[in-house]
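Inspection log for the structure reproduced underneath, given as C-alpha cells.
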Amino acid sequence: MSMPFYVSPEQVMADKAEFARKGVARGKPSLVIECDVGIMMMAENPSTLSKIGEIYDRVAFAGVGKFSEFDQLRKIGVRYADIKGYAYSRDDVRGRALANAYSQAVGDAFTQQLKPLEVEVVVVEVGDSTLAGHENNAIYRIQYDGSISDHHGYCVIGGAAEELSDFLSSRVRDGIPLGEAIGLGKSALERAAEGEPSVDVKNLEVCVLERERQGRKFVRLNSDRVGELLSA
Amino acid sequence: MQFRGSYQGSSFSELLAVDFSHLRLDWSDLAGGFDASAVPHGTTVMGFKYADGVIIAGDRLATMGHRVASRDMEKVYPTDAYSLIAIAGAAGPAVEMARLMRIELEHYEKIEGEPLELEGKANKLSQMVRQNMPAAMQGLGVVPLFAGYDRRRSAGRLWGYDLTGGRYEETDYAANGSGGIYAAESLKKTHRLDATREESLRMAVQALVDASDEDRATGGPDVVRGIYPIIDFCTQNGIERASEKEIETVFRAIIAEQTSRRRTAS
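Sequences listed follow chains B and A, in order. The letter at position 7 of the first sequence is residue 7 when you use our numbering, and the numbering goes up by one with no holes. Counting the second sequence from 1 gives a position; our numbering is that position plus 232.
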C-alpha cells in the first residue's frame, strides 16, 4: 500500500498564500480615495476590460489580480445586489453585507480549492445624507484568503499596496476636491509603475460614486473629463 | 440569501427563474374561477412621436369593477435614462412588470458593461408580456406601451403590445387600455409628427380629456384634488416630466375653449 505524502496544513496554507500573493502582485494596483463629491476609484488600465464596476445605487466594486476571477466576483455581486433590492428595498442593499459575502466566498475558495483566487477586491459604499443611519461612506478590502478590513479616507489593493498606502496616508485629507484626489491617485500609481513613471491619462480608469446624484450614483469619467479635472 | 447561484447570464428575469423561483409568482399553477374585477385595473395610456422625440402619458385612475380603486395611480415609469414604459391592465402584475423591466435593463447594463439597444429593450418587454399570458387568461392581462429615444438613430421610437406579447412599432401614435380607443381617435385628428413640445402637451391632455369623457374608467384631470395625468417627454436630453402646473394650465384652456364653443352655438 502506497502512503500519500504528508504535507503539514501550515505548509499548504503558506504555499497557497504565496501563490495567491504573487498572482495579485503581478497586476497593477487600484485605489479609492474619499473626496468632496463622494468616493473616487482609480485603476491604471490601458485595456477596455474594466477593473471598476457599478454594483448598485450607492455601491461599487474594484478588483485586481486575475481578470476572469475578479470579474466573476463583480458579476456575482451585481446579481446579489439586484436580487436583494428586488426582494426587499433599494436602501437595503449595503456595502457591508456584500463585503462579508465576498469574504466568505473568497475565503472558502482559499481553504477548499486547490488553487486559491488570485484576486483582491474593494467594495465601497457612498453615504446618503438624506437617510438616517446611511450617512457615512464605507470602504472594505477583501484579500485573496478572505480576510476583510475596513478603511477610512483611502484604500489601495494590488501590487505595492502597502507602499502606496504609506504615500497616501500623509496626503489624503477630509473633503479633498475630486480633481486633487485624481491627481493624488495618479501620482500614487506612478510610484508603482517602475521604469515608466508617467501614467498617461488615457490609461486611467476613473469612476466616482457621487453623493448628491439621484438614484444610481455611479459615474464613469472619460479621459477628457479626467484631464479637465486634473488641470483645473 | 444565496450568494452564488448557477445562473451565469445577464438577464435578471432569467436569474429569478433559475435561482430565485420562490420570488416569482407562477400563474400557471392557479386554477380558474378567479374574479378579475376584484383587483384594481389601470385604464388609459398613450404615446406619440413629436419633433424632439416621443411623449408618453397616462391617466391616474385605477378601477375595481365599477369602483374607484385609486385616484392617483402611476402608470408611466422611466425604465432607464432614455426609455419609458406605460402600463394598462391589471394593476398588480402591471406595476410589477414595470419594476422588473427597470431592474432588467439596469442589470443587463451592469453585467455587460453597456446598455441594450432600444430595440433590444422593446423585445425584452415583449417576452415579459408573453410570460404573463397565464395571468392574462384569467383576466389579469397587462398591455404596456414602450417608448424611448434611440441615440444611435437620433429618433424617438414607440412600441405597442398585445396580450400575447405581440410587439408593434408605431410610426405615429399608440394608445392602450379601456379608454385607449378614444385617446387614439382624438390623436388621429390632432397628431402631427412635427409638433413642438407645447403643441404635443396640448395634444396629450386633449386626448386624455376625450378618453375620460367617453370612458368611465378613465380619470380626467382632477382639479378638486389636484391630481393630474402623468406626461413624460423623452428626447436626446433624457426624460422630462411635465409639471402639474403646466398640465393644469393646458387643461383649463381646453375646458374654457369647449365651454365658449357651446355658448357660441346656443
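For every residue, glycine included, the Cβ atom is placed at its ideal position computed from N, Cα and C. This one's a predicted model, so the numbers in the text were calculated from it and none came from an experiment.
- The residue from A:Pro325, A:Thr481 and A:Arg493 with its alpha-carbon nearest to that of arginine 434 (chain A) is A:Thr481.
- DSSP places threonine 311 (chain A) in the uninterrupted beta strand (DSSP E) bounded by 308-312.
- The C-alpha of valine 206 (chain B) lies about 7 Å from the C-alpha of valine 226 (chain B).
- Just measuring C-alpha positions, the residue of B:Glu69, B:Ala232 and B:Val119 sitting nearest glutamate 18 (chain B) is B:Val119.
- For the region 64-90 of chain B, the residues whose beta carbon sits under 7 Å from a beta carbon of chain A are, in order, Lys75, Ile76, Val78, Arg79, Tyr80, Asp82, Ile83, Lys84, Tyr86 and Ala87.
- Of all residues in the region 33-63 of chain B, only Ser50, Gly53, Glu54 and Ile55 come within less than 8 Å of chain A when Cβ atoms are compared, listed by chain position.
- In this structure, the alpha-carbon of glycine 133 (chain B) lies about 40 Å from that of asparagine 355 (chain A).
- In the three-state scheme derived from DSSP, where H, G and I count as helix and E and B as strand, leucine 31 (chain B) is classed as strand.
- Taking C-beta atoms as the reference points, valine 93 (chain B) and alanine 81 (chain B) count as a pair closer than 7 Å.
- When rounded, the separation of the alpha-carbon atoms in lysine 202 (chain B) and proline 46 (chain B) is 7 Å.
- Contact of leucine 255 (chain A) with chain B is assigned, a C-beta pair being separated by under 7 Å.
- Using a CB distance cut-off of 7 Å, lysine 342 (chain A) counts as an interface residue toward chain B.
- For threonine 276 (chain A) against serine 410 (chain A), the beta-carbon gap comes to about 6 Å, under 8 Å, which counts as contact.
- Serine 165 (chain B): not part of any beta strand (DSSP E); member of the alpha helix (DSSP H) spanning 161-169, first to last residue.
- A buried status is given to alanine 188 (chain B), since no fewer than 16 other beta-carbon atoms sit within 10 Å of its beta-carbon.
- Contact between the region 404-423 of chain A and the region 242-251 of chain A is not established, with fewer than three Cβ pairs separated by less than 8 Å.
- With the criterion set as a beta carbon lying under 8 Å from some beta carbon of chain A, the members of the region 94-127 of chain B are Ala101, Gln104 and Ala105, in sequence order.
- Cβ contact annotation for phenylalanine 266 (chain A) (same chain, cutoff 7 Å, sequence separation greater than five): Gln370 and Gly371, in chain order.
- Looking at A:Ile463, A:Ala318, A:Arg493 and A:Gly285, the one whose alpha-carbon comes closest to that of threonine 403 (chain A) is A:Gly285.
- Scanning B:Lys22, B:Met40, B:Gly53 and B:Ala160 for the CA closest to the CA of tyrosine 144 (chain B) turns up B:Lys22.
- Assignment of lysine 420 (chain A) by DSSP, reduced to helix, strand and coil, places it in the helix class.
- For a Cβ distance threshold of 8 Å, residue set Ile76 and Ala105 of chain B lies close to arginine 236 (chain A), ordered along the chain.
- When beta bridges are read from the DSSP output, alanine 294 (chain A) appears opposite A:Gly274 and A:Ser302.
- Across the structure, leucine 204 (chain B) and alanine 192 (chain B) are spaced so that their CA atoms are roughly 14 Å apart.
- By the neighbour-count criterion, in which a residue is buried when 16 or more other Cβ atoms sit within 10 angstroms of its Cβ, alanine 485 (chain A) is exposed.
- By DSSP's assignment, glycine 53 (chain B) forms a beta bridge with B:Phe61.
- The bridge partners DSSP lists for isoleucine 479 (chain A) come to none.
- Listed in chain order, the positions of the region 319-346 of chain A with a beta carbon within less than 7 Å of a beta carbon of chain B are Ile335, His339, Lys342, Ile343 and Gly345.
- Annotation: Cβ neighbours of leucine 247 (chain A) in chain B (cutoff 9 Å, chain order): Arg79, Asp82 and Ile83.
- For alanine 132 (chain B), the three-state secondary structure derived from DSSP is coil.
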